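Following our numbering, the numbering of the sequence shown begins with 12 at its first residue and continues without gaps. Here is the structure we will look at.
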Amino acid sequence: MNIIRLSLPSCLSRLHAKCLSLLIVVPAFLFPATASANDEYFRHSFFDNSLTPDFYFYSSAAAFTPSQLEQKNSKLPVETTRFLTPPNALRLAWQSLENGNWQAEIQLVSFRNRFPELRGNTLFIWCFAPQAIAAADLPRIAFSNRGEGLQVAQFPGGFTEALPLGRFSGDIPAGSWIQVRIPLSAFRTTSIYEFHPEQLQSIMLLQGRADDLPHVLILDEIRVDNSVATSLVALPAPQNVRSTGYDRHIDIQWDPVSNPDLGRYLVYRSLDGKDFKPIGIQLPDIHRFTDFLGKSGVTAHYKVAASTVRYQESPISTETTASTRAFSDEELLTMVQEASFRYYWEAADPHSGMARESIPGDDRIVATGASGFGIAALIVGADRGFITRQQAVERLAKIVGFLEHAPRFHGAWAHFMNGSTGQMMPVFGAFDDGGDLVETSFLMEGLLAARAYFHGSTPEEIALHQRITTLWQSVEWDWYRQTPESHFLYWHWSPLWTWRIHHPLIGFNEVMITYLLAMASPTHGVPASYYYSGWASQDPMALAYREGWSGTKDGNHYSNGNTYYGVKLDVGVGTGGPLFFTHYSYFAFDPHSLRDRFTSSYFENNRNIALINRAYCIANPKHFQGYGADAWGLTASDGPSGYVAHAPDNANDRGTLTPTGALSSFPYTPEASMAALKHLYRDLGAQLWGIYGLRDGFNPSQKWVSDIYMGLNQAPIAVMIENYRTGLVWKNFMSNPEITDMLKKLEAETRK
């Protein structure tokens, strides 16, 4: 076994002033060069850092007396003082005794719609021991294809035997980081199902020899990769490093380092301009970092370095300096709008310009509806000066070009498409391989708002206006009636499966815009009577539909009329449902303009849904942590157990709060939404605020913070705040003559 010593100042050694060298316990070869795409990063990274500073949510820990294992909330503690890559690592502290046992489990974070496929034949773990540990005293290690670790028995829950970690590491010396190489082929399947290394979901560390001594082992940068011989690569220092101060945080940017061996960036901070310490890493395709300092009036200095996949660090960049300062309410609004807008500008699919479903996620997948929201965010970005008008037009031309060539199904696009090829991606199953009328509605809502805003006299804007009009007029809304005798629009149609899904669109929920646009279409319209026969249907099937998803008869006739927490609700099922019901159809369509037989104002009805949502969170009947007058907003987002349409009711309140819920409600509840913004940003920003603004969701009771941002949730923040401030997107969308004509038809139908 060869030990390679990499002395200061190379190979991340600036991170560890106490270490005079890094001992890498591997043969005389290192990691291979890998693609720098973030999708590739997550095909190899099993653990790099924890979002939460106390314990790692995606872990478990248990000890059985007399053995001991340090744990917090039955999970592994996070180590914040010693790490290989900042700002933290995992702490494994144990004492093994006869007749006792302990076990710890580290789980792979599963991102939305991504098959958990890791690429490589070897597991690499960086280890640091404050006190030396003999190989014989290290724990055993085992692997599983499922998040339940060794407890799973159902397919495809393959797991392996447990082998001594010391067999691969040898003795762990004191005070130095070493990298342990573990060939996955060395492990034998002991489950009734075969263990597949590429589907590794759980790493189990188990009690080894009972030596009756306390031990501490810090674990960091757990990766799966191939083990092949390569030479060290020298990366250049990042250039053009600059920084901007905000109310409680500072943004740092730099020019990308173009090198296939790039593994990550490292950001250093100094508060005195002299002592620079590592504070975080950034993925190779992202050239921005957010440092949340927690208060105004702080000046900080930053430097950035590039690091290879083998952890060899470049020279450090030149210094940049910025200061936080107290922001006015208007400045806070602009700040959160710009950060949310970046999701659709900086992180859009590079080939199509469309919005990705989630970040991190499957980088192939672009989302049709989220792209409609993102188009509206581009309008805000151009109007606020985040980008130039010309930049916005160029991006929209790219999006429209992609849509013109993507497969369509009687004019409707699929829910998800491949951003590189345009091909439909049936994420929800085989039957979901055709047109999605609801997602097409959200897309067209954004496109029509853009058609009105970018209606200038330049050749580019004239062409864009004409191309959007062609797309709009080619959507066959009437086809999605299924038959001329039908009273409903249907969500899906597939050339192969035809109407197999057969999901009628029935309100009240997020799909009102589908009926409004179908009624407005100048080429493939449906009668205005569809508003009442379909959307607000009184058919027994519609009553059963509403009651089925809500579990209550309140509002099953579309109208509600009940009072909840002192607020009367004209329209809505139960207590109103998740808040995205008041956002998705209304990010461009102005609810001030709509009334029907059930309510005199959809703006007021939406406001009441938001007020009920907030009042429910204040009452907090399920006693979850973190709820309150400035912590509310139950709506659809990821949660600790996956995606849930969180709502103010017993069945759908899981303790998860979603920032877009309160912030996208700004037009309805400006004071309450501002209080929520200040709380989420100023009080909770250390965990919630990142490069695209506030993260998708958080669950205070479970100490969980979402690892992702979601395309459906970031744009409504930017757009609905703008509608509150200036009415920009509402005004442009409502100026389309087809919308004006549709409202006249609906008014006539309402008077019948």
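By construction, the Cβ of each residue, glycine as well, lies at the ideal position given by its N, Cα and C atoms. None of these values were measured; they are calculated from a predicted model.
Buried versus exposed, by CB contacts within 10 Å (16 or more), Val-37 = Only weak support is given to the placement of Val-37: the predicted model assigns it a pLDDT of 33, under 50, and the value that follows is read from those uncertain coordinates. Looking at its Cβ environment, which holds 16 or more other Cβ atoms inside 10 Å, Val-37 is buried.
Can you tell me the Cα-Cα spacing of Pro-43 and Leu-211, whole angstroms?
-> Here the model assigns Pro-43 a pLDDT of 31, short of 50, so the residue's position is not dependable, and the following value carries that caveat. Approximately 20 Å between the Cα atoms of the pair.
Close Cβ partners of Glu-341 (< 6 Å) along its chain, the five nearest in sequence each way excluded | none
For the beta strand (DSSP E) holding Thr-255, just list the boundary residues, first then last.
-> 253-256
Quick one, are the C-beta atoms of Val-537 and Asp-489 less than 8 Å apart?
-> yes
Continuous alpha helix (DSSP H) stretch holding Arg-395: start and end = 379-395
Would you tell me roughly how many angstroms separate the C-alpha atoms of Gly-653 and Arg-259, rounded to the nearest one?
-> 30 Å
Around the C-beta of Gln-636, are 16 or more other C-beta atoms found within 10 angstroms, so that it is buried, or is it exposed?
-> exposed
Per DSSP, which residues does Ile-261 bridge with? Please list them.
-> Gly-256 and Asp-302
Neighbourhood of Tyr-556 by C-beta, 8 Å cutoff - its chain only, sequence neighbours within 5 removed | Pro-515 and Ile-517
Would you check if the distance between the CB atom of His-55 and the CB atom of Arg-130 is smaller than 8 Å?
-> yes
Ala-656 bridges to which residues according to DSSP?
-> Ala-647
Is it true that the CB of Val-486 sits closer than 8 Å to the CB of Thr-451?
-> yes
Who pairs with Asn-710 in a beta bridge, going by DSSP?
-> Trp-715
Taking the continuous beta strand (DSSP E) assigned at His-312, which residues delimit it?
-> 310-319
Between the region 325-341 and the region 364-373, are three or more C-beta pairs nearer than 8 Å?
-> no
Measure the alpha-carbon distance for Ser-61 versus Ala-100 and round it to whole angstroms.
-> 7 Å
Between which two residues does the beta strand (DSSP E) harbouring Lys-285 extend?
-> It is not in any beta strand (DSSP E) - Lys-285 carries neither H nor E in the DSSP assignment.
Roughly how many angstroms lie between the CA atoms of Ser-47 and Tyr-276, to the nearest whole one?
-> In this prediction, Ser-47 scores a pLDDT of 36, lower than 50, which makes its location untrustworthy; the coordinate-derived value is nonetheless stated afterwards. Cα-Cα distance, rounded: 11 Å.
Is it buried or exposed for Lys-314, if we count other Cβ within 10 angstroms and need 16 for buried?
-> buried
How close, in whole Å, do the beta carbons of Pro-589 and Ala-656 come, if the pair is a contact with beta carbons under 8 Å?
-> 5 Å
Assign Ser-196 to one of two classes, buried (16 or more other C-beta atoms within 10 Å of its C-beta) or exposed (fewer than that).
-> exposed
Quick one: is Leu-723 buried, meaning 16 or more other Cβ sit within 10 Å of its Cβ, or exposed?
-> buried
Meets three-Cβ-pair contact criterion under 8 Å: the region 86-94 and the region 732-742 | no
Since His-416 is in the alpha helix (DSSP H), which residue starts that stretch and which ends it?
-> 400-416
Is there at least one non-hydrogen atom of the ligand SAH closer than 7 Å to the beta-carbon of His-426?
-> The ligand SAH is not part of the structure shown, which contains no ligands of any sort.
So what does Thr-171 bridge to, in DSSP terms?
-> Thr-200
Go ahead and pull the three-state DSSP assignment for Met-753.
-> helix
Can you tell me which of Phe-53, Ala-74 and Glu-81 puts its alpha carbon nearest to the alpha carbon of Asp-65?
-> Glu-81
CB contact flag (Ala-311, Ile-261, <8 Å) | yes
Could you tell me the distance, in whole angstroms, from the CA atom of Gly-708 to the CA atom of Gly-181?
-> 42 Å
For the region 550-569 and the region 432-443, state whether three or more C-beta atom pairs, one from each stretch, are separated by less than 8 Å.
-> no
Confirm, please, whether the CB-CB distance from Gly-383 to Leu-458 is below 8 Å.
-> yes
Could you tell me if Glu-415 is buried or exposed, where buried requires 16 or more neighbouring beta carbons within 10 angstroms of its beta carbon?
-> exposed
Specify the secondary structure class of Gly-291 as computed by DSSP and reduced to three states.
-> strand
Give the straight-line distance between the Cα atoms of Ser-544 and His-498, rounded to the nearest whole angstrom.
-> 5 Å
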